[in-house]
Structures are given as structure tokens and as C-alpha cells.
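Counting from 1, position 426 in the sequence shown corresponds to residue 454 in the working numbering; the numbering is continuous, with no gaps.
So the structure is just underneath, and the comments pick up after that.
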Amino acid sequence: MQEVRGGSVLVRPLQSVLQFPRVLPEDAARYVCVVSSLLGEDRREVTLTVSTALAVHLRPQQQVVGVILYLVLAPHLRRNKSDYETDPCVFSHPQKVDAGTATTFNCSVVGGGVTGTHLAWLKNGRPLTEGARVSVLAGGEVLLVRAVRKEDRGMYQCFARSGEESAQSSGELTLGAVAPELQSTFIEQTLQPGPPVSLRCAASGNPPPRFTWLLDGVVVHPPEYVLGSFLDSAGDVVSHLNISSARVPHGGLYTCVARNMLGAVQHSATLNIYDGQVVASVPAGPPSARLPQNLTVVAGTDVFLRCPVAGFPISSVTWQRAGDILPSHLRQRVFPNGTLLVRQVDCSSDRGEYLCSATNQQGQSAQGRIYLDVMITNEERQKSQPPEIAPFQFPSNLQEGMRAQVSCSIISGDFPISITWRKDAGPLPQDADVHEQQHQFVSNLLFGNLAARHSGHYTCIASNAAAVANFTARLVVRGELCGQLQYQVHCQGPSFLDGGTSGPLRPVPTSGDAPLSGQRLPYADNHLDES
Numbered sequence: 029m030q031e032v033r034g035g036s037v038l039v040r041p042l043q044s045v046l047q048f049p050r051v052l053p054e055d056a057a058r059y060v061c062v063v064s065s066l067l068g069e070d071r072r073e074v075t076l077t078v079s080t081a082l083a084v085h086l087r088p089q090q091q092v093v094g095v096i097l098y099l100v101l102a103p104h105l106r107r108n109k110s111d112y113e114t115d116p117c118v119f120s121h122p123q124k125v126d127a128g129t130a131t132t133f134n135c136s137v138v139g140g141g142v143t144g145t146h147l148a149w150l151k152n153g154r155p156l157t158e159g160a161r162v163s164v165l166a167g168g169e170v171l172l173v174r175a176v177r178k179e180d181r182g183m184y185q186c187f188a189r190s191g192e193e194s195a196q197s198s199g200e201l202t203l204g205a206v207a208p209e210l211q212s213t214f215i216e217q218t219l220q221p222g223p224p225v226s227l228r229c230a231a232s233g234n235p236p237p238r239f240t241w242l243l244d245g246v247v248v249h250p251p252e253y254v255l256g257s258f259l260d261s262a263g264d265v266v267s268h269l270n271i272s273s274a275r276v277p278h279g280g281l282y283t284c285v286a287r288n289m290l291g292a293v294q295h296s297a298t299l300n301i302y303d304g305q306v307v308a309s310v311p312a313g314p315p316s317a318r319l320p321q322n323l324t325v326v327a328g329t330d331v332f333l334r335c336p337v338a339g340f341p342i343s344s345v346t347w348q349r350a351g352d353i354l355p356s357h358l359r360q361r362v363f364p365n366g367t368l369l370v371r372q373v374d375c376s377s378d379r380g381e382y383l384c385s386a387t388n389q390q391g392q393s394a395q396g397r398i399y400l401d402v403m404i405t406n407e408e409r410q411k412s413q414p415p416e417i418a419p420f421q422f423p424s425n426l427q428e429g430m431r432a433q434v435s436c437s438i439i440s441g442d443f444p445i446s447i448t449w450r451k452d453a454g455p456l457p458q459d460a461d462v463h464e465q466q467h468q469f470v471s472n473l474l475f476g477n478l479a480a481r482h483s484g485h486y487t488c489i490a491s492n493a494a495a496v497a498n499f500t501a502r503l504v505v506r507g508e509l510c511g512q513l514q515y516q517v518h519c520q521g522p523s524f525l526d527g528g529t530s531g532p533l534r535p536v537p538t539s540g541d542a543p544l545s546g547q548r549l550p551y552a553d554n555h556l557d558e559s
């Protein structure tokens, strides 16, 4: 007989020994020893259980962007036996989930010997509290967090204990890019002039949002207002708007806007400041108009216009556009507080200046102005009609000292349309004798006192979202020589006025009988006729 070796097993038949010089996890099995002779045989069974080092694997699922889960696994293994050779396998997987959706931690255990394994979960070093959104499933192996929120961020640990051994693995749930969400806001107030005022907004989000404050749609700035922001213990950004002494112009609709890379949220409320003391014998002061406002909106959206007038109380507000009292169609509505709503804003019919008049109980009023500009999307731009310019020309036989005008009329094309002028391929020069007048689709050039410098090529350029169009006309201004000769020049470069002799120039006397002298006078002409 001889010894037999097979993998990690050594069989010594003469000693009736089955030896494992280096036991491995795969050696765990049921072994049968068979003894036989001429008189029969006998057998015995033995089960070998291999205890391995306890290890924990924490695996999140990879999903989509929103709240980002960075999983850093750092197991800490306490061993009581020095002959364990196998180290635990550890994995690190970044997990990304959508804010408001569910996410899971999966805790799997390897090893642990023959005794049962107990699993426990911790969050930020404390036992995890289960609830409606947080559950431990599958015998402790799965941690489910439903509708992930800001308060769910932190360090999660899965602890495994088997007999005298224990191991753990941890993962950190941190917020990635999250859109702002308002946590607290201010309310409407009505005050007498004089006391200080403080308005407060708080918002969460990642990156931390930045705040902007507006009064009746216009951004406010120091030193009239004191603005400040800070990060509180919960990680929210808190912003304040402070007024040291409230006055009538401080009244109006205040808006706080919290914005980061993923979006913006806002809140608005009215601060009413009385026009003087509200006493029967002391009448309120008149409303006061704010500076004209420019407002840009996207075509097809709804817009609310608030009359830019300070004063309280205001008894009535009326609106006009292009001389028409509003509302003038079904898409417009004026609310009892004077706000004008324009639904599904249209480029051609809604763009322009809006005039409002606010009147108090004493009949005193003030007017405010808002210019509404309308932008169109790329999809709408493709549907837009390009501008078309009606041909135009300057009058002929214009001379120095005369007056002239030319009109560039856009006969078709979707609004908004921009009209500009150029002269000789360059910008229109600044000139006291040249004035431009623009209307909705017409631009006029007015020349009050024509001179030689006005001669040239004038180009009208009309552009809208669809295309750019242009049309060019030539202006020729003829001059006078000392009030005695009228002349035309057909040349390039220096010419001569040659009295009484043959040549291309034939001066014609306009008054007097004296003969012309034959002196040749050099003359560099800038007044060209149309040929």
C-alpha cells in the first residue's frame, strides 16, 4: 500500500487516517470511511465543516442621476483565531438615484462558521430606526429607503455577528445635484411708514442655491436694501431682505428666487405701506410711479403684469396698450388687485408697451409703463415668416440745402422685427441733420439740411427670428459753385472747370453778363450724378 494525495487531502491507509494538511472552504463535505475483509465490511460517516473568516459585502444598485450615493466600504474585522488565512472581499460601487425615488443597500455575508449570523443596521453610528419609508427586508440583508429625502443622507453600516466574530461594511449616502426647494417664506404685511422690515426665505438644494430679491419684478440692490444669506445647521440657505425704515416706495410685491444649476423656485407676497397716517382728518398721499420696466417672456407662456406704482391703498388700476383699454381679447384678464394676465403670449399681437394707471380713494393717480418683449423657441422660429422690405428710393435732383426723407417699410414678416440703417456698408454716422424715426414696422430717415457728406448708399436691414432682409438705395446730393454756376461732374479723380473752352465741363452762368475767364481751376469733386 502507498499514500494517496488528492488536492488538499492526504490518505494514509496503514494508519487509517484521512489528513487535511491545509483545509480549504471547498473541503467541507460528508466523508465515508469503509473497512472491508473476507468476512464483510463496515463503514462510518463524518461531516467536515470549515469555518471561514466572517466578511460583509454591501452592494448598492447603480441607477440614474439625482441624489448620488457614494459607497465607500471599509470593513473592520475582529478575529479571535490567528490561523485564519482568507481576507474578506470588499467592493465599492457609486450609486445614483433620482430624488424622490427608492434606493436599496444590499448586505451579503460570507463565512461565519456553523453558528447563525445576526445582522444589524446603523445610521450615523446609531441604530437605524425603521418607519414608513425606511425598512429592513430579507432577514436583514436589504435596507430599503423609499422616496429619498435630504434627511436620508448619512453613513449607513451593516454589522454581522457570528459567534465570537464580527464584521461590518459601510456606505455613505450624500446628496448630489438637487433642485432648490423652499423651506420657509414670508407673509403679506400692511404697515405704517417708519418701522424696520425684514423678509426671510430659506431653501434647500445642492449645490446650495443663490437668492435674488425682486420688487414688482425688478431686482433690488443695496444700499436701499440690506441683503444677506447664510447656511444654517440643516444645510439650508437662509436669505434676508432688510429695510431700515419703511417708506411708501418700499411697498409692492416682493419675490425671493432661489436658483441653482438644476432650476429655480420662488415665492411672492405683498408689502403694503400706507400713503401717510390713516387718520380721517389726514388724507393719504398720492401714488408714485416707479421706473419703466422691461420684461422678456417666451412665446406661448402666460405672463402676469403688475402695475409698477407704489402706494396703498389703491382703489383701481386700468391698463392700456396702443390706445386700447384692456382687456381687449379673451386671452387678457385684469384681476381685482389690478394685475394683468396675458395668456399664451403672442409675438405679433402682445409685444410692445403697456400703460397702467393706479388711482387711490382720493382720486389721485400715477402711471406706470412696462415694455413686454417676446422670445420664440427654435421650433417656433422655424415656423416664422421672414421679413420683406418694400422697395424705396430717394428723390432725384436733390441739391445742398434741401430737405428729404425716405421710408423703409416692412410689408410682411413675424414680429418682433428689428430695423437698422447703414451707410456705405458702415454704421449710420452721427449727424445733427439726420434723424431716424421708428414705428412698429416702419423706419424713416429724415434729412433736415442736405449737404455733400450725405451722398452715398443707404441700406435698411430688417431682422426677425426667421431671417434677415435688406434693401439699398443711393442718395445723390448736387452742390452749387459760389452761387453762380450749376455743374455736374462725370469723372474719376481731379477735374477742371474751364471757362469758355472745349472740354467735358460746360459751366452755365446763372446771372450777370461778364464773360468767364479762361483760368483753369483744379477741383476734386465728391458730387456724382446717378450715371
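Using N, Cα and C, we set each Cβ at its ideal position, and we do this for glycine too.
Remember, predicted model here, so these are calculated numbers, not experimental data.
Exposed unless 16 or more other CB atoms sit within 10 angstroms - verdict on Tyr59: exposed
Integer Cβ distance of Asn300 from Leu219, believed to fall under 8 Å: 7 Å
Contacting residues, own chain, Cβ-Cβ under 8 Å from Gly233 (five flanking each side not counted): Val206, Ala207, Pro208, Glu209, Val265, Ala286, Asn288 and Leu290
Cβ contact (3+ pairs, closer than 8 Å) linking the region 480-492 and the region 444-460: yes
As assigned by DSSP and simplified to three states, the class of Arg481: helix
Under the three-state DSSP convention, the category Pro532 falls into: Caution applies to Pro532, whose pLDDT of 46 falls short of 50 and renders its modelled position unreliable; the value that the coordinates give is listed next. Correct three-state label for Pro532: coil.
Range covered by the beta strand (DSSP E) that runs through Ser65: Ala57 to Ser65
For Ser316 and Gly222, the rounded distance between their alpha carbons: 18 Å
Rounded straight-line distance, which links the Cα of Thr132 to that of Gly204: 17 Å
Supposed contact pair Ala327 and Asp374 - C-beta distance, whole angstroms, cut 8 Å: 7 Å
Nearest-angstrom Cα separation, counted from Gln211 out to Leu172: 26 Å
Cα-Cα separation, Ser272 to Ala495: 51 Å
Continuous beta strand (DSSP E) stretch holding Asp264: start and end: It is not in any beta strand (DSSP E) - Asp264 carries neither H nor E in the DSSP assignment.
Pro444 beta carbon less than 8 Å from that of Gln392: no
Which of helix, strand or coil DSSP assigns to Phe48: coil
For Asn322 and Tyr382, believed in contact at Cβ under 8 Å, the rounded distance: Not quite, the Cβ-Cβ distance comes to about 11 Å (not below 8 Å), so this is no contact.
DSSP three-state assignment for Tyr515, whether helix, strand or coil: For Tyr515, the predicted structure reports a pLDDT of 45, less than 50, and the residue's modelled location is therefore unreliable. A value from the coordinates is still provided. It is coil, neither helix nor strand.
Straight-line Cα distance separating Ser471 from Ser435: 6 Å
Whether Ser190 touches Gly144 by CB criterion (8 Å): yes
Residue environment, Asn388, which counts as buried when at least 16 other CB atoms sit within 10 Å: buried
Beta-carbon proximity check, Phe420 vs Ala501, cutoff 8 Å: yes
Cβ neighbour criterion (16 or more within 10 Å) applied to Val505: buried
For Ala231, the nearest candidate out of Glu179, Gly263, Glu200 and Glu416 (CA to CA): Gly263
Rounded separation between Ser385 and Leu354 - CA only: 12 Å
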